[in-house]
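Since the structure comes first, as structure tokens, the remarks are kept for the end.
Number of protein chains: 2
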Amino acid sequence: MKRPTIADVAQRAGVSKGAVSYALNGQPGVSEATRQRILAIATEIGFSPSSAARALSAATAGAIGLALCRPARTLGVEPFFMALISGVEAELSARSYALTLQVVADHDAEIAVYRRWWGERRVDGVLVCDLRTADRRIPALEQLQLPAVVIGGPGGTGELASLWSDDAAALTETVEYLVALRHRRIARVAGLPDLRHTEIRTDAFAAVCQRLGLVDAVTVWSDYTGEEGGRATRRLLSSAHRPTAVIYDNDVMAIAGLSVAQEMGLTVPADLSIVAWDDSPLCRLVHPPLTALGRDIPAYGAHAARQLLAVVAGQPAGRVQDETAHLTPRGSTAPPRER
Amino acid sequence: MKRPTIADVAQRAGVSKGAVSYALNGQPGVSEATRQRILAIATEIGFSPSSAARALSAATAGAIGLALCRPARTLGVEPFFMALISGVEAELSARSYALTLQVVADHDAEIAVYRRWWGERRVDGVLVCDLRTADRRIPALEQLQLPAVVIGGPGGTGELASLWSDDAAALTETVEYLVALRHRRIARVAGLPDLRHTEIRTDAFAAVCQRLGLVDAVTVWSDYTGEEGGRATRRLLSSAHRPTAVIYDNDVMAIAGLSVAQEMGLTVPADLSIVAWDDSPLCRLVHPPLTALGRDIPAYGAHAARQLLAVVAGQPAGRVQDETAHLTPRGSTAPPRER
DNA sequence: TGGCCCAGCTTATCCGGTTCAGTCAGCGTC
DNA sequence: GACGCTGACTGAACCGGATAAGCTGGGCCA
Numbered sequence: 004m005k006r007p008t009i010a011d012v013a014q015r016a017g018v019s020k021g022a023v024s025y026a027l028n029g030q031p032g033v034s035e036a037t038r039q040r041i042l043a044i045a046t047e048i049g050f051s052p053s054s055a056a057r058a059l060s061a062a063t064a065g066a067i068g069l070a071l072c073r074p075a076r077t078l079g080v081e082p083f084f085m086a087l088i089s090g091v092e093a094e095l096s097a098r099s100y101a102l103t104l105q106v107v108a109d110h111d112a113e114i115a116v117y118r119r120w121w122g123e124r125r126v127d128g129v130l131v132c133d134l135r136t137a138d139r140r141i142p143a144l145e146q147l148q149l150p151a152v153v154i155g156g157p158g159g160t161g162e163l164a165s166l167w168s169d170d171a172a173a174l175t176e177t178v179e180y181l182v183a184l185r186h187r188r189i190a191r192v193a194g195l196p197d198l199r200h201t202e203i204r205t206d207a208f209a210a211v212c213q214r215l216g217l218v219d220a221v222t223v224w225s226d227y228t229g230e231e232g233g234r235a236t237r238r239l240l241s242s243a244h245r246p247t248a249v250i251y252d253n254d255v256m257a258i259a260g261l262s263v264a265q266e267m268g269l270t271v272p273a274d275l276s277i278v279a280w281d282d283s284p285l286c287r288l289v290h291p292p293l294t295a296l297g298r299d300i301p302a303y304g305a306h307a308a309r310q311l312l313a314v315v316a317g318q319p320a321g322r323v324q325d326e327t328a329h330l331t332p333r334g335s336t337a338p339p340r341e342r
Numbered sequence: 004m005k006r007p008t009i010a011d012v013a014q015r016a017g018v019s020k021g022a023v024s025y026a027l028n029g030q031p032g033v034s035e036a037t038r039q040r041i042l043a044i045a046t047e048i049g050f051s052p053s054s055a056a057r058a059l060s061a062a063t064a065g066a067i068g069l070a071l072c073r074p075a076r077t078l079g080v081e082p083f084f085m086a087l088i089s090g091v092e093a094e095l096s097a098r099s100y101a102l103t104l105q106v107v108a109d110h111d112a113e114i115a116v117y118r119r120w121w122g123e124r125r126v127d128g129v130l131v132c133d134l135r136t137a138d139r140r141i142p143a144l145e146q147l148q149l150p151a152v153v154i155g156g157p158g159g160t161g162e163l164a165s166l167w168s169d170d171a172a173a174l175t176e177t178v179e180y181l182v183a184l185r186h187r188r189i190a191r192v193a194g195l196p197d198l199r200h201t202e203i204r205t206d207a208f209a210a211v212c213q214r215l216g217l218v219d220a221v222t223v224w225s226d227y228t229g230e231e232g233g234r235a236t237r238r239l240l241s242s243a244h245r246p247t248a249v250i251y252d253n254d255v256m257a258i259a260g261l262s263v264a265q266e267m268g269l270t271v272p273a274d275l276s277i278v279a280w281d282d283s284p285l286c287r288l289v290h291p292p293l294t295a296l297g298r299d300i301p302a303y304g305a306h307a308a309r310q311l312l313a314v315v316a317g318q319p320a321g322r323v324q325d326e327t328a329h330l331t332p333r334g335s336t337a338p339p340r341e342r
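Those protein sequences? They're chains A and B, same order as listed. First residue of the first sequence: 4, per this note's numbering; consecutive thereafter. First residue of the second sequence: 4, per this note's numbering; consecutive thereafter.
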């Protein structure tokens with residue numbers, strides 16, 4: 004089956020290639036009657052313009068890039084990225100933009116990918132995930148002048164556009180809620196320490212605990228995997244002054260923490276309250292269902308995609324705060340048992 | 004920052020564009036000395052050929068497509084796809100191929116995407132997931148003559164290349180293992196009934212149960228979501244003659260089933276044994292950890308990608324069986340409690 | 001009636017590669 | 001010394017669109 008080109012449409016319609024191009028792109032230069040005739044013929048023979056040819060002459064790739072820099076094993080387990088991608092996709096496909104995905108090992112590889120994409124003109128812009136403190140990708144992208152939206156912040160994103168959620172507020176709300184339940188010994192199992200949002204949450208946690216006089220508050224570090232989350236929990240629960248509530252930086256670690264607690268003979272929530280960040284369906288699967296900090300991740304992705312398309316279109320880089328995560332109390336939180 | 008083109012390299016090297024093209028692509032027509040000089044200059048100024056220009060003249064997109072036809076909410080939760088993607092990616096990026104991803108609502112939309120990709124010459128080939136019985140995508144792809152590898156089967160893939168895992172053997176092994184533990188009432192919570200591999204598993208389940216004389220064997224239908232999996236489990240466990248072992252068609256449903264059992268006061272594995280298909284880290288997170296049927300999904304994806312690249316290169320469509328899933332016994336299976 | 005304008009086209013050029021048909025120097029050969 | 005041959009390269013066409021510039025015929029006005 005031969006792929007129809009603009010020349011085929013032109014020949015059928017008895018006009019020149021130029022006329023067809025004007026007609027299909029809504030440009031002036033053809034009469035309405037001719038435009039309709041050309042459109043009808045294009046639809047009839049199933050013509051779609053070659054993305055390569057269009058990219059070459061219009062200097063726009065019609066695609067945006069997303070490089071994921073996490074080891075394959077965490078990538079798969081965390082629902083976050085797939086949810087984000089599906090939101091990004093929804094926005095892009097509505098505009099016939101493609102999403103180009105690449106999994107990379109580290110930031111050097113990621114920067115190399117950006118450089119290649121830029122040289123190849125393969126993408127019009129990129130979405131940057133997992134912002135770190137002093138993130139080398141930011142200056143690299145600025146130097147390339149590759150349109151980008153950083154998903155993360157606020158702060159540390161240089162001149163690039165960015166989109167974030169107010170994690171500090173969400174964390175503060177969570178701690179206040181636990182304190183209202185009369186918890187005093189609250190621990191937090193944090194994600195990778197050099198991620199910007201981990202830092203923001205850590206600062207917020209320290210601030211609110213100081214304000215509320217929670218002297219026993221403790222943060223331990225993990226890496227988002229269930230394995231590490233479980234280990235961290237085991238250490239916390241083995242200490243003499245074990246916490247009565249734990250906040251986990253993602254749902255996978257929270258689920259691991261729940262099963263460690265059960266394995267150690269503790270009852271959730273009577274002996275231990277658990278709060279998960281990222282409210283995925285997983286939180287509702289386990290028993291008891293987990294109290295979680297959730298927000299609409301696909302909408303977040305869609306928002307980021309819209310913002311990137313605006314930057315690609317030449318609009319100034321915006322710094323936008325998205326919806327703040329809200330707490331959904333479920334069975335994993337309750338007042339601590341009196342001891 | 005201006006993007007270097009082949010003309011920039013040619014000018015610096017004092018040769019023509021054609022010579023540079025030959026040198027960079029390993030074609031004969033330039034002396035070894037000149038080739039080295041050109042390569043050095045290309046590296047120095049960071050030249051990467053425009054994917055659009057190359058696609059236009061060489062008629063190859065340098066990208067392959069993957070359309071995911073699942074609602075956003077299941078997509079995110081199931082680790083399968085991300086694992087598959089990371090494997091596909093590993094293979095593609097080694098060859099500087101890009102992966103273009105699209106999330107679609109149904110098969111009609113998916114076929115429309117294939118048609119568009121084909122017309123736009125945006126991808127050189129596609130990977131097809133979630134094969135159904137009488138799958139309309141197969142004839143559509145055959146008609147377009149778009150290179151494709153169907154992940155699923157065997158059977159029902161027409162003239163297209165395909166890659167599958169022997170689910171029948173894995174299921175048979177699992178049932179035999181449960182019977183060896185002295186289970187006689189075994190249930191299976193199946194995935195979407197019109198998926199080809201669900202059908203294969205269902206047939207295999209019926210066959211092995213008949214062979215072993217398990218008259219109480221029952222299959223109930225679900226949709227891979229934890230919610231539905233939990234509901235199906237609740238129904239099974241509420242019946243007068245409740246099963247002593249349940250096999251779930253994915254890990255998410257198995258986890259939901261586990262928590263339903265616990266919620267109903269049953270002890271796993273004493274009162275109920277649970278086996279999950281798809282061994283993701285999630286299975287090790289819960290308590291007790293789930294006995295699961297696992298295999299190397301990234302390797303599966305890599306295999307599919309290699310196969311697709313071969314088809315794109317013009318090799319005949321192969322039908323290949325990949326590794327069979329193997330059972331990893333963990334804490335969720337044991338002999339049934341005598342009643 | 002001639003001149004001008006403008007809508008509605010056509011033609012030509014460009015984007016940045018690949019590739020084919022030449023060109024030309026250098027060499028061996030009879 | 002004429003000839004062919006080969007290796008190393010150049011020049012130009014081509015891929016399929018976008019788009020600037022050029023052309024044309026009809027309507028309007030002086």
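Backbone N, C-alpha and C define an ideal beta-carbon position, used for all residues, glycine too.
Could you tell me which of the options sits nearest to residue i, measuring between CA atoms?
| i | options | result |
| --- | --- | --- |
| T201(B) | A183(B), Y227(B), R187(B) | Y227(B) |
| P376(A) | A137(A), A320(A), A115(A), G68(A) | In the structure as shown, chain A begins at 4 and stops at 342. Residue 376(A) is therefore absent and cannot be evaluated. |
| I203(B) | V153(B), W167(B), A66(B) | W167(B) |
| G90(A) | V323(A), R340(A), D299(A) | D299(A) |
| D281(A) | L296(A), P291(A), P272(A) | L296(A) |
| D206(A) | E35(A), V182(A), V178(A), D11(A) | V178(A) |
| A305(A) | L59(A), T236(A), A190(A), Y100(A) | Y100(A) |
| A61(A) | S242(A), A316(A), T222(A) | A316(A) |
| T114(A) | L130(A), D133(A), L95(A), R140(A) | The sequence shown places Ile at residue 114(A), rather than the Thr named in the question. The option with the nearest alpha carbon to I114(A) is R140(A). |
| R73(A) | S54(A), T103(A), A86(A), D109(A) | D109(A) |
| V126(A) | A58(A), R309(A), G159(A), A13(A) | A58(A) |
| V211(A) | L198(A), R191(A), E230(A) | R191(A) |
| A193(B) | E145(B), E162(B), S242(B), A220(B) | A220(B) |
Along chain B, in chain order, which residues have C-beta atoms closer than 8 Å to that of residue i?
| i | result |
| --- | --- |
| F50(A) | G122 |
| Q105(A) | E92, S96, A101, L102 |
| E266(A) | H290 |
Closer than 7 Å by beta-carbon distance: list the chain A residues that pair up with residue i, in chain order.
| i | result |
| --- | --- |
| R125(B) | S54, A101 |
Residues of chain B with a CB under 7 Å from the CB of residue i: which are they?
| i | result |
| --- | --- |
| L78(A) | M85, S89 |
| S262(A) | L288, V289, H290 |
Whose Cβ in chain A lies nearer than 9 Å to the Cβ of residue i?
| i | result |
| --- | --- |
| V131(B) | Neighbours of V131(B) on chain A: none; closest Cβ ~17 Å, over 9 Å. |
| E326(B) | Within chain A, no residue comes near E326(B); the closest Cβ sits about 17 Å away, beyond 9 Å. |
| V255(B) | P284, L285, L288 |
Could you tell me which chain A residues have their CB closer than 8 Å to the CB of residue i, listed as they occur along the chain?
| i | result |
| --- | --- |
| R287(B) | G229, E230 |
| R119(B) | S51, S99 |
| R6(B) | W121, G122, R124 |
| E35(B) | Here the premise fails: no neighbours, minimum Cβ distance about 25 Å. |
| A259(B) | L288 |
| P82(B) | G79, V80 |
So with CB distances below 9 Å, who are the chain B contacts of residue i?
| i | result |
| --- | --- |
| R64(A) | Checking the displayed sequence, the identity of residue 64(A) turns out to be Ala instead of Arg. Here the neighbours are S54, A55. |
| Q39(A) | Neighbours of Q39(A) on chain B: none; closest Cβ ~21 Å, over 9 Å. |
| A337(A) | Ordered by position in chain B, no residue passes the 9 Å Cβ test against A337(A), which lies about 17 Å from the chain. |
Could you give the distance in angstroms between the alpha-carbon of residue i and the alpha-carbon of residue j?
| i | j | result |
| --- | --- | --- |
| R245(B) | P82(A) | 33 Å |
| R38(B) | E47(B) | 14 Å |
| F84(A) | A26(B) | 40 Å |
| I258(A) | G233(B) | 17 Å |
| Q318(B) | R119(B) | 24 Å |
| P150(B) | D169(A) | 46 Å |
| H329(A) | A279(A) | 11 Å |
| R322(B) | A164(B) | 5 Å |
| G17(A) | R40(A) | 10 Å |
With DSSP as the reference, identify every bridge partner of residue i, one or two as the case may be.
| i | result |
| --- | --- |
| H352(A) | With chain A covering only 4 through 342, there is no way to say anything about residue 352(A). |
| W280(B) | L296(B) |
| A101(B) | A66(B) |
| H329(B) | G297(B) |
For the putative contact between residue i and residue j, defined by C-beta atoms under 8 Å, what is the C-beta separation to the nearest angstrom?
| i | j | result |
| --- | --- | --- |
| T77(A) | A172(A) | No, T77(A) and A172(A) are not in contact; Cβ-Cβ is about 26 Å, not under 8 Å. |
| S276(A) | S335(A) | 6 Å |
| R124(B) | A64(B) | 6 Å |
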